[in-house]
Amino acid sequence: MGSGTIGHPAIESRQICKTYIGTDRRKSVALAGIDVSFNKGQITLLVGPSGCGKTTLLNMIAGFEKPDSGELLEHGMPIIGPDPRRGVIFQDPNLFPWLSVWSNLMFGPKMRGEDRTAATERAESLLSMVGLLKFRDHLPHQLSGGMRHRIAIVRTLANAPEILLADEPFTALDEHTRRKLQHDFYEMVSRTRQTVIFVTHNIEEAIYLADRMVVMSPSPGRVKEIIDIDLPRPRDILDLRFNEYRKLLFNLITPDVIAE
Amino acid sequence: MLQQSVDNTGTVAANPADDTDDLVAPQRSFSWRTIDPLKFALPFAILIAWGAACLYRWLPPILLPSPLDVVDALLEWINPSWISTGHPSYYSGTWVADALGSSFRAVVGFAVGSALAVAIGVAVGWSSTMERAIDPTVQILRPMPRTALLPFAIIFFGLGNLPALFLVVYGVFMQVYLQVVIGVKLVSRDWRRAAAMLGASDRQILWHVVIPGALPHIFAGLRLGVAYAWTMMILAEMFAVPSGFGYVLWRGYEFMRMDIVIAGMIMLGFFGYLSDRIVVLIARRSLVWAQELSGTQL
Ligand SMILES: Nc1ncnc2c1ncn2[C@@H]1O[C@H](COP(=O)(O)OP(=O)(O)OP(=O)(O)O)[C@@H](O)[C@H]1O
Ligand SMILES: [Mg+2]
Numbered sequence: 001m002g003s004g005t006i007g008h009p010a011i012e013s014r015q016i017c018k019t020y021i022g023t024d025r026r027k028s029v030a031l032a033g034i035d036v037s038f039n040k041g042q043i044t045l046l047v048g049p050s051g052c053g054k055t056t057l058l059n060m061i062a063g064f065e066k067p068d069s070g071e072l073l074e075h076g077m078p079i080i081g082p083d084p085r086r087g088v089i090f091q092d093p094n095l096f097p098w099l100s101v102w103s104n105l106m107f108g109p110k111m112r113g114e115d116r117t118a119a120t121e122r123a124e125s126l127l128s129m130v131g132l133l134k135f136r137d138h139l140p141h142q143l144s145g146g147m148r149h150r151i152a153i154v155r156t157l158a159n160a161p162e163i164l165l166a167d168e169p170f171t172a173l174d175e176h177t178r179r180k181l182q183h184d185f186y187e188m189v190s191r192t193r194q195t196v197i198f199v200t201h202n203i204e205e206a207i208y209l210a211d212r213m214v215v216m217s218p219s220p221g222r223v224k225e226i227i228d229i230d231l232p233r234p235r236d237i238l239d240l241r242f243n244e245y246r247k248l249l250f251n252l253i254t255p256d257v258i259a260e
Numbered sequence: 001m002l003q004q005s006v007d008n009t010g011t012v013a014a015n016p017a018d019d020t021d022d023l024v025a026p027q028r029s030f031s032w033r034t035i036d037p038l039k040f041a042l043p044f045a046i047l048i049a050w051g052a053a054c055l056y057r058w059l060p061p062i063l064l065p066s067p068l069d070v071v072d073a074l075l076e077w078i079n080p081s082w083i084s085t086g087h088p089s090y091y092s093g094t095w096v097a098d099a100l101g102s103s104f105r106a107v108v109g110f111a112v113g114s115a116l117a118v119a120i121g122v123a124v125g126w127s128s129t130m131e132r133a134i135d136p137t138v139q140i141l142r143p144m145p146r147t148a149l150l151p152f153a154i155i156f157f158g159l160g161n162l163p164a165l166f167l168v169v170y171g172v173f174m175q176v177y178l179q180v181v182i183g184v185k186l187v188s189r190d191w192r193r194a195a196a197m198l199g200a201s202d203r204q205i206l207w208h209v210v211i212p213g214a215l216p217h218i219f220a221g222l223r224l225g226v227a228y229a230w231t232m233m234i235l236a237e238m239f240a241v242p243s244g245f246g247y248v249l250w251r252g253y254e255f256m257r258m259d260i261v262i263a264g265m266i267m268l269g270f271f272g273y274l275s276d277r278i279v280v281l282i283a284r285r286s287l288v289w290a291q292e293l294s295g296t297q298l
């Protein structure tokens, strides 16, 4: 959404390290020197086996946690905390259960004191894109799980972030709902050429969405490989070249899972 | 239900507003069929046992007056002209003044005590500086039974409304404070993070996320607090206030008048129940979401 050329880094991570000390006092190195940049206007997927530090890295980019060492920059400026320029979609929808769908969507614009009409227009058009306009006065618990996820995505997008961070937002959903949401998600972010950093376990989901893929490996968390996904859109998961990427990623990730 | 969703053109209308109404407000309109006879079985049995005990003189009347004696005492208390015994008692016709006085002390004490508890509890739950400054003191005072403050209050404030209000405020504060602190601390980190990434400042997170999110605990505290308000108020009235339900009760003991003692207890039960219902009613209305999340009603 912001200005600048596509391909320019929106987020840069330089030698990011993070070590957690667990309850048993054992140290676990979640991230050991992450050097990667995420480009403006691109959808970058963060994939890798469980425990390789994807959530840790994303939480740092969001500003929820701080690295032990290293530098984390957004458009060249250090990240010091959460900021509405970096919107987050969580694994759970995380809606405010005491607010109606509409108040959830207007939460961000209201807190930031944004002009009402612009925010209303944005929220309404996003809401109609996911087909939930008529549920605007419902409370979150009156919606199905899939609907809640869609509202959560709309809530973050309605706040017009420059960079969108998503941590496995569709993992808890059934396959059909997940496909539908992947499609909706791509529609929403591609029309504004939104910068996206998206974490997933699911290789198919990753190839479906990604312009670029950052493959991580665990213990300690590192970047193993960066792959550009060069497939036309809309992508067909049954396509031959889709399958080649699937094989490539499978061969990259599986040894790390078995090594665990 | 199906009938209602078919509109006059004969097509099935998917009107979201209709189901909102159904779901948002758990409507509980009165009808005789909604009365659950089981609720009244036990009180009725107790009343019959009580009547029988008096009828067959299982206990001397000085220990257990009959239900009718209690009703007489209650009527005389409210308005002596309804039953003319000829010789008025200390409580004849004082009910209105007693009820107003007791309610005033309980309600004002509860309002002040719970307002303080919410304000200070939110501050302590939210800010670690406030926690360090205030919480240790409260934790040292809390284990001391609150009723132990009675002599202190009477010496310090003398007799009258002041010691009673002091005791009620203190008792309610101690009861509500802890629940508020716990409620604020247990507000999900993910809600706070969601608000922060949407652009809310710390102060906005406190007002728009932490306090609404803590409301279920805060209401639990208020409900305990309202019961405690009456407890502390009665204690104070027995010793420090020359009127009110507590005063009537204690004089009843001094005169060995079990009928007015029981009448006073019934009044207190009734007023306590009424104030609890008011808190529950407010909680039901403001916590629709939490009730729906848990699938139960308060
Ligand atoms: N709060 C914490 N305390 C201690 N250790 C932690 C904490 N958070 C993460 N870790 C450790 O850091 C490592 C990376 O965790 P992280 O949650 O980032 O992995 P992940 O790649 O997101 O995994 P998954 O795909 O299963 O979500 C893990 O080994 C985990 O045990
Ligand atoms: Mg994770």
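Residue numbers (our numbering), protein chains in the order written: chain X, 1 to 260; chain W, 1 to 298. Ideal Cβ positions, reconstructed from N, Cα and C, are used throughout, including at glycine.
For W/Trp289, at least one C-beta of chain X is nearer than 8 Å to its own C-beta.
Rounded to the nearest angstrom, the Cβ distance from W/Val187 to W/Val226 is 23 Å, too far for a contact under 8 Å.
In chain order, Ser243 and Gly244 place their CB closer than 7 Å to the CB of W/Gly101, counting only its own chain and leaving out the 5 sequence neighbours on each side. Considering only beta carbons, the part of the segment 76–92 of chain X lying closer than 8 Å to chain W consists of Gly81, Pro82, Asp83, Pro84, Arg86, Gly87, Val88, Phe90 and Asp92, in chain order. With respect to the 8 Å criterion, X/Gly48 and X/Ser219 are not classified as neighbours on the basis of their beta carbons. A distance criterion of 7 Å places the beta-carbon of X/Asp167 in contact range of ligand 2, judged by its closest non-hydrogen atom. In the DSSP assignment, W/Glu254 falls within the alpha helix (DSSP H) that extends over Phe245 to Glu254.
Within the chosen limit of 7 Å, ligand 1 reaches the beta carbon of X/Lys54 through at least one heavy atom.
Residues of chain X with a Cβ closer than 7 Å to the Cβ of W/Ala200 are, in chain order, Met111. Chain X has a Cβ within less than 8 Å of the Cβ of W/Asp190. For X/Phe170, there is no enclosing alpha helix (DSSP H), as DSSP marks it with neither H nor E. Straight-line measurement puts the Cα of W/Val176 at about 26 Å from the Cα of W/Tyr247. Around W/Leu149, the same chain offers Leu167 and Tyr170 as residues with beta carbons nearer than 7 Å, after the five sequence neighbours per side are excluded. Between the segment 60–80 of chain X and the segment 224–231 of chain X there are fewer than three C-beta pairs closer than 8 Å, too few to call the two in contact. For X/Gly33, the enclosing beta strand (DSSP E) starts and ends at Lys27 to Asn39. By the Cβ rule, the segment 279–288 of chain W does not count as touching the segment 189–209 of chain W, because fewer than three pairs are nearer than 8 Å. W/Ser31 sits in coil when the DSSP states are folded into three classes, being neither helix nor strand.
Interface flag for W/Leu293 against chain X is set, since a Cβ pair is found closer than 8 Å. Around the beta-carbon of X/Thr117, fewer than 16 other beta-carbon atoms lie within 10 Å, marking it exposed. Taking C-beta atoms as the reference points, X/Val214 and X/Thr44 count as a pair closer than 8 Å. Closer than 8 Å to the CB of W/Ala194 there is at least one CB belonging to chain X.
Nearest CB-CB separation between W/Pro212 and chain X: below the 8 Å threshold. Contact of W/Gln204 with chain X by beta-carbon distance below 7 Å involves Met111. Neighbourhood of W/Val209 in chain X, by CB distance below 8 Å: Phe96, in chain order. Taking the Cα positions, W/Tyr253 is about 28 Å away from W/Leu224. By the neighbour-count criterion, in which a residue is buried when 16 or more other Cβ atoms sit within 10 angstroms of its Cβ, X/Ala206 is buried. Taken in chain order, the members of the segment 158–189 of chain X whose beta-carbon sits within less than 7 Å of a beta-carbon on chain W are Asn159.
For W/Ala214, the CB contacts under 8 Å within the same chain, skipping 5 residues up- and downstream, are Val122, Gly125, Val180, Gly183, Val184, Leu186 and Val187 in chain order. In the same chain as W/Val118, and ignoring 5 residues on each side of it, the C-beta atoms closer than 6 Å to its own belong to Val180, in chain order.
Here W/Val70 is near W/Ile262, since their CB atoms are less than 8 Å apart. Chain-order list of chain W residues neighbouring X/Phe250: empty, with the shortest C-beta distance near 32 Å, by a criterion of under 8 Å. Residue environment: X/Ser13 is assigned as buried (16 or more neighbouring CB atoms within 10 Å of its CB, all protein chains considered). Counting C-beta pairs with one atom in each stretch, the segment 105–116 of chain W and the segment 125–135 of chain W have fewer than three that are closer than 8 Å, which means they do not touch. In the DSSP assignment, X/Cys17 falls within the beta strand (DSSP E) that extends over Pro9 to Ile21. The alpha helix (DSSP H) runs lying completely inside the segment 180–260 of chain X and spanning 4 residues or more are 203–209 and 240–259, given in chain order.
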